[in-house]
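One structure is given below, encoded as structure tokens.
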Amino acid sequence: MSEQSTPEQPVDTRVRVQGEPVDDFPATAPGAARGRVRPITVVGDEVLHRANRDVDPAMLGGAELSGLIDDMFLTMYAAEGVGLAGNQVGEDLRLFVYDCPDDDGVRHVGHVVNPVLAEREAGAALAVENEGCLSVPGPHAELPRAEYARVTGVDKDGAPVEIEGTGYFARCLQHETDHTYGRLYIDRLAARPRKKVLKQMNEMSADVFARREATAAKLREEGIGRG
Ligand SMILES: [Zn+2]
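The opening position of the sequence shown corresponds to residue 1 in UniProt numbering, with each subsequent residue numbered one higher.
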């Protein structure tokens with residue numbers, strides 16, 4: 001069999017905001033500047049371990065939901081994360097924010113309210129890569145995830161959103177949607193690696209918390225966040 005040359009598809013490297021390419025976007029999502037850093041819940045906190053409530057339609061378009069999303073962005077940046085779910089700031093609500101690169105180096109930024117992950121097709125490709133979680137501060141562990149993921153939901157104003165991603169961003173979409181159903185990545189690990197991760201967390205978490213405080217202070221100095 002001869003090798004076929006396929007023309008390389010040039011990658012559109014523009015930032016995707018809510019799934020749509022934009023020509024210019026700041027280093028942190030604008031809402032973060034209005035946000036407050038919230039404490040991040042840790043494995044063992046009950047709100048992380050159960051399916052959360054759908055965001056009520058009455059909240060859509062409101063200041064409370066918008067403010068929560070601002071807080072979530074800022075909290076994620078202060079913790080140097082790429083995704084954060086509502087229950088990670090203690091809210092029993094199904095939503096997440098993200099600012100995450102994919103394997104082509106394309107940056108994806110946005111939020112999804114009441115996310116639903118599309119069923120994986122039979123035989124879909126899996127990738128085994130390192131994964132970590134802001135609510136399991138410190139360690140990482142290898143975990144298989146689908147190479148491609150698609151999430152549907154609505155935005156904070158109730159407009160339908162459909163976000164798809166590959167590689168690391170696909171992993172993020174799966175990880176964050178899992179959170180909203182009370183599932184942590186360590187729940188997908190076998191007993192032994194799970195135990196190892198929790199042991200490492202106990203050793204590493206104090207340093208992680210100190211670093212988060214320093215990063216939050218630095219952001220504040222840059223005028224990002226109100227505290
Ligand atoms: Zn997580």
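Where is the CB? At the ideal position from N, CA and C, for every residue including glycine.
Count the other CB atoms, across all protein chains shown, that sit within 10 Å of the CB of residue i; report buried if there are 16 or more and exposed otherwise.
i      : result
Glu176 : buried
Glu221 : exposed
Ala78  : buried
Ala32  : buried
Ala85  : buried
Asp104 : exposed
Glu91  : buried
Lys195 : exposed
Asn114 : buried
Asp156 : For the record, residue 156 in the displayed sequence is Lys; it is not Asp. Label assigned to Lys156: buried.
Leu219 : buried
Thr28  : buried
Of all the CB atoms in chain C, is at least one closer than 8 Å to the CB of residue i?
i     : result
Arg36 : The displayed structure is made up of one protein chain only, and chain C is not part of it.
Would the C-beta of residue i count as close to ligand 1, meaning under 7 Å from any of its heavy atoms?
i      : result
Leu134 : yes
His179 : yes
His140 : no
His175 : yes
I'd like to confirm the pairing. Which residues does DSSP put opposite residue i in its beta bridges?
i      : result
Tyr148 : Thr166
Asn130 : Glu142
Arg220 : DSSP, once it has assigned bridges, lists no residue as partnering Arg220.
Pro101 : Arg107
Val112 : Phe96
Val82  : Note: Val82 sits in no beta bridge, so no partner.
Arg188 : Note: Arg188 sits in no beta bridge, so no partner.
Pro160 : Val154
Leu117 : Val151
Glu20  : Val17
Val136 : Cys133
Arg53  : Leu93
What distance in whole Å lies between the Cβ atoms of residue j and residue i, which are believed to be in contact at a cut-off of 8 Å?
i      : j      : result
Ile69  : His111 : 5 Å
Cys172 : Val82  : 6 Å
Cys133 : Tyr181 : Wrong, their Cβ atoms sit about 14 Å apart, outside the cutoff.
Leu143 : Leu198 : Going by Cβ atoms, the distance from Leu143 to Leu198 rounds to 15 Å, so no, they are not a contact pair.
Glu162 : Arg150 : 7 Å
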